[in-house]
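These protein sequences, in sequence, are chains W and D. According to numbering that gives the first Met the number 0, the first sequence is numbered sequentially starting from 0. According to numbering that gives the first Met the number 0, the second sequence is numbered sequentially starting from 0. Cβ coordinates follow ideal geometry from the N, Cα and C atoms, glycine included. I have placed the structure first, in the form of structure tokens, so that the comments after it can refer back to it.
2 protein chains.
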Amino acid sequence: MPRRGGRPTVYDVAERAGVSIATVSFVFKQPGRVRDTTRADVLRAARELGYVPSASARGLANGSTGALGLYSFDMLLETAKFVSGLPSGPAEEPDPRSFPLYVDEVQRGFELECWQQGMALLLSAERSSGVSVMAGVAGRVDGLAVFPGAISTEELELTARAIPVLAFSRAPQDGAVHYVTVDNRGGVRALLAHLVDVHGVRQTRFVGAPVLPDLAERFAGYQEASARTAVPDDAPPVGAEGAGRPSSRLSWRRGAPGRAVVRERPARSHGAGRAARPGGGRPG
Amino acid sequence: MPRRGGRPTVYDVAERAGVSIATVSFVFKQPGRVRDTTRADVLRAARELGYVPSASARGLANGSTGALGLYSFDMLLETAKFVSGLPSGPAEEPDPRSFPLYVDEVQRGFELECWQQGMALLLSAERSSGVSVMAGVAGRVDGLAVFPGAISTEELELTARAIPVLAFSRAPQDGAVHYVTVDNRGGVRALLAHLVDVHGVRQTRFVGAPVLPDLAERFAGYQEASARTAVPDDAPPVGAEGAGRPSSRLSWRRGAPGRAVVRERPARSHGAGRAARPGGGRPG
DNA sequence: TTGTATGCGTTATCAT
DNA sequence: ATGATAACGCATACAA
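Here it is as structure tokens:
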């Protein structure tokens, strides 16, 4: 039984197995270094006691936590509504399930990668209070990936002095922070070119206020491509009024009845490839 | 600058601010206990150094990690295919996005709760290798929730001796493990009663092999309810042949075109309530 | 092969 | 109000 009511430690296991704490540690870290019979004794003692190595002590001893962090913005609409760039409509009840953008996809990929690397994944989110908890997260991981949000670049740079930091969808800065971005501008240009050239679309409209860097870039790409559209659209981007629904619902409406979905029949003369799957949302 | 090339510690901050390490610690844990000017000095020094408190050391010192764990089964189809109870069809390319059942919903709720409690969330999954990593997770959290999977009840009980353990969708056992389950049997009974009484369905079929406890209970409920069906169905449950598609795709087909979805028009004489939303899948 | 002893960074209990 | 110091549980260089 544990010495003082707490969780059993190496000392408890060592005592029960009649060995020293070093041997106990060896059994778990360098099994080949102890005799078979001794190892069996230790393992049995550990099992009988319900011994679980403390990651805190282990991390402190070897200088790393064995976990990677994923830091995202607030999961409630109150914060998330700013992300799409569309002003939100009349106040609605916050729905935790309305998580916009690509977050889940990226997170799932991150999970898989961590799992393959044998690392734990620490999820954490910005508090709506505005008080930064970055430090609280940074202190418990060996590396930290950060979704776009209210975190200042300064704080990112600061955190990057302690551990490797990776920022998603941010304008790359000089410094110690690593960045992963997509070609927003080129993407929208290609999209528009496709609509015009392949589908013969003659009138377009950019929906969403380009307030965030990503969206600003997309709008820039839109404007660039509009120059060669048959019917150039110089109208300003459409906000909430034009969109007709608050942005918070956009993520819910993927493939929902009544929503316009581009159904492209595979054109062999065009390399675009896979058709959109209306029912291809993520599983619940 | 850090003493030896590593991350800055309390010693570095203390030295830079001209105080002792105790004072540094007080500034972060009991701010009111130090003089304003001293506190300012310490905070400035910490900021200049990019100091981030070590969660390992902190956890070791006060005996808790400040994190909760969520342990799930393997995220690849190879393992996940067993969960639905439907044998899988011909081998397919594992798609990480095919995560069956309620997992994402529960996980999201868990995230929100952790976030509200100011706790970190540690995600972890069963390795396909079969080697248990439960201990690795249990050692780094103050409590652990476990999705159904290949983990033995014995190991759950064992882990529960170190930290509180919560098991989802398991047959409750006597012991230290906490359980959260749903009324599978009653749910299916109610479902069948609804189909028969409200929609006049006269023939039904249970799809899926009742191999897991949850599914066995649902099948039991189905059999119980079948007794009062107009046309009792004593046919065995339908396996992969009858389902027509491998189970791994079921989660993708929620609300997909061609799938049968119960569209109930709210019947005021019936308390059932909300109609099913075909497009109500989760955001991507 | 196994034991002894030290250090990891922080907290908290004493002193001062 | 602040400083010195003993845990906390584990890993590991060094002894034996």
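Alpha carbon of THR210(D) to alpha carbon of LEU122(D), nearest angstrom: The residue you call residue 210(D) lines up with position 211 of the second sequence. The residue you call residue 122(D) lines up with position 123 of the second sequence. Residue identity check: residue 210(D) is Val in the sequence provided, not Thr. Taking the straight line joining both Cα atoms gives about 27 Å.
Whole runs of the alpha helix (DSSP H) within the stretch 30 to 56 of chain D, excluding any shorter than 4 residues: Whole alpha helix (DSSP H) segments, 4+ residues: 35 to 48.
Identified DSSP bridge partners for PHE167(W): Reading the first sequence from its first residue, position 168 is the one you call residue 167(W). According to DSSP, PHE167(W) bridges with VAL179(W).
Beta-carbon contacts of ARG160(W) that lie in its chain and below 8 Å, excluding the five residues immediately before and after: Along the first sequence, read from residue 1 onward, the residue named residue 160(W) stands at position 161. The answer, listed in chain order, is ALA175.
Element boundaries [alpha helix (DSSP H), containing ALA21(D)]: For this step, residue 21(D) is matched to residue 22 along the second sequence. Boundaries of the alpha helix (DSSP H) around ALA21(D): 20 to 28.
Local conformation of ALA119(D) per DSSP, three classes: Here residue 119(D) refers to the residue found at position 120 when the second sequence is read from its first residue. Note: ALA119(D) maps to strand in three-state DSSP.
Secondary structure of ALA149(W), DSSP reduced to three states: To locate residue 149(W), count along the first sequence from 1; it is residue 150. Three-state DSSP puts ALA149(W) in coil, outside helix and strand.
Cβ-based neighbour list, PHE25(W), same chain, cut-off 7 Å, excluding 5 preceding and 5 following: Looking up residue 25(W) in the first sequence gives position 26. Same-chain partners within the cutoff: ARG32 and VAL33.
Residue range of the unbroken alpha helix (DSSP H) whose run includes TYR70(D): Position 71 of the second sequence, counting from 1, holds the residue named residue 70(D). For TYR70(D), no alpha helix (DSSP H) encloses it; the enclosing beta strand (DSSP E) starts and ends at 66 to 71.
ALA144(W) - DSSP class collapsed to helix/strand/coil: Sequence index remark: in the first sequence, residue 144(W) carries index 145 (1-based). Here ALA144(W) sits in strand by DSSP.
ALA12(D) (DSSP reduced to helix, strand or coil): As a first step, residue 12(D) is located in the second sequence; it is residue number 13 there, counting from the start. It is Val, not Ala, that sits at residue 12(D) in the sequence shown. VAL12(D) falls in the helix class under three-state DSSP.
Burial state of GLU110(W), where buried means 16 or more other Cβ atoms lie within 10 Å: For the purposes of this step, residue 110(W) is identified with residue 111 of the first sequence, where counting begins at 1. Under this definition GLU110(W) is a buried residue.
For ALA189(D), the three-state DSSP class (helix, strand or coil): Residue numbering aside, residue 189(D) sits at position 190 when the second sequence is read from its first letter. DSSP places ALA189(D) in helix when its eight states are reduced to three.
Contact between the stretch 155 to 169 of chain W and the stretch 137 to 146 of chain W (3+ Cβ pairs under 8 Å): Contact between the stretch 155 to 169 of chain W and the stretch 137 to 146 of chain W is present: three or more C-beta pairs spanning the two stretches fall below 8 Å.
GLU291(D) burial status per 10 Å Cβ neighbour count (16 or more: buried): Because chain D is modelled from 0 through 283, residue 291(D) falls outside the range shown and cannot be assessed.
Buried versus exposed, by CB contacts within 10 Å (16 or more), GLN29(D): Position 30 of the second sequence holds residue 29(D). Under a 10 Å Cβ-count criterion, GLN29(D) is classified as exposed, with fewer than 16 other Cβ atoms of the shown protein chains found around its own Cβ.
Cut-off 6 Å between Cβ atoms - residues of its own chain near ASP94(D), not counting five sequence neighbours on either side: As a first step, residue 94(D) must be located in the second sequence, where it is residue number 95. Below a pLDDT of 50, predicted positions are generally treated as unreliable, and ASP94(D), at 46, falls in that range; the measurement from the model is reported next regardless. Shown here for ASP94(D): not one same chain residue has a beta carbon closer than 6 Å to its own, the five before and five after excluded.
CB contact below 8 Å: THR158(W) versus chain D: Taking the first residue of the first sequence as 1, we reach residue 158(W) at position 159. Yes, THR158(W) lies at the interface with chain D (some Cβ there is under 8 Å from its Cβ).
The stretch 176 to 186 of chain W contacting the stretch 206 to 223 of chain W, beta-carbon criterion three pairs below 8 Å: Judged by Cβ distances under 8 Å, the stretch 176 to 186 of chain W makes contact with the stretch 206 to 223 of chain W, as three or more pairs qualify.
Own chain, CB closer than 6 Å to PRO212(D), minus 5 neighbours either side, in chain order: The sequence position of residue 212(D) within the second sequence is 213, counting from 1. Spatial neighbours of PRO212(D) in its own chain (CB-CB distance under 6 Å, excluding positions within 5 residues in sequence) are listed in chain order as ALA170.
CB contact check: VAL51(W) to chain D, cutoff 8 Å: As a position in the first sequence, residue 51(W) is number 52, starting the count at 1. Yes, because at least one Cβ of chain D sits closer than 8 Å to the Cβ of VAL51(W).
Below-8 Å beta-carbon distance, SER19(W) vs any chain D residue: Numbered from 1 along the first sequence, position 20 holds the residue referred to as residue 19(W). Closer than 8 Å to the CB of SER19(W) there is not a single CB belonging to chain D.
Residues that ALA56(D) contacts on chain W, provided the C-beta gap is smaller than 7 Å: Along the second sequence, one-based indexing puts residue 56(D) at 57. Within chain W, the residues near ALA56(D) are LEU59.
Candidates ARG57(W), ALA166(W) and GLN116(W), of which the one nearest VAL179(W) by Cα: Looking up residue 179(W) in the first sequence gives position 180. Of ARG57(W), ALA166(W) and GLN116(W), the residue nearest in Cα terms is ALA166(W).
Start and end residues, alpha helix (DSSP H) containing GLY220(D): One-based indexing of the second sequence puts residue 220(D) at position 221. Unbroken alpha helix (DSSP H) run through GLY220(D): 212 to 225.
Beta-carbon proximity of VAL132(D) to GLY68(D), cut-off 8 Å: Numbered from its first residue, the second sequence carries residue 132(D) at position 133. Numbered from its first residue, the second sequence carries residue 68(D) at position 69. No. Outside cutoff.
Own chain, CB closer than 7 Å to ALA44(W), minus 5 neighbours either side, in chain order: Numbered from 1 along the first sequence, position 45 holds the residue referred to as residue 44(W). These residues qualify, in order along the chain: VAL12, ARG15 and ALA16.
Opposing strand residues paired with ALA124(D) [DSSP bridges]: As a working note, residue 124(D) is residue 125 in the second sequence. Beta-bridge pairing links ALA124(D) to SER71(D).
With 16 other Cβ atoms within 10 Å as the buried cut-off, status of GLU112(D): Numbered from its first residue, the second sequence carries residue 112(D) at position 113. Around the beta-carbon of GLU112(D), fewer than 16 other beta-carbon atoms lie within 10 Å, marking it exposed.
Within-8 Å CB hit, VAL357(W) to chain D: Because chain W spans 0 through 283 in this model, residue 357(W) falls outside it and cannot be assessed.
For GLY135(W), the first and last residue of its enclosing alpha helix (DSSP H): Here residue 135(W) refers to the residue found at position 136 of the first sequence. Unbroken alpha helix (DSSP H) run through GLY135(W): 133 to 137.
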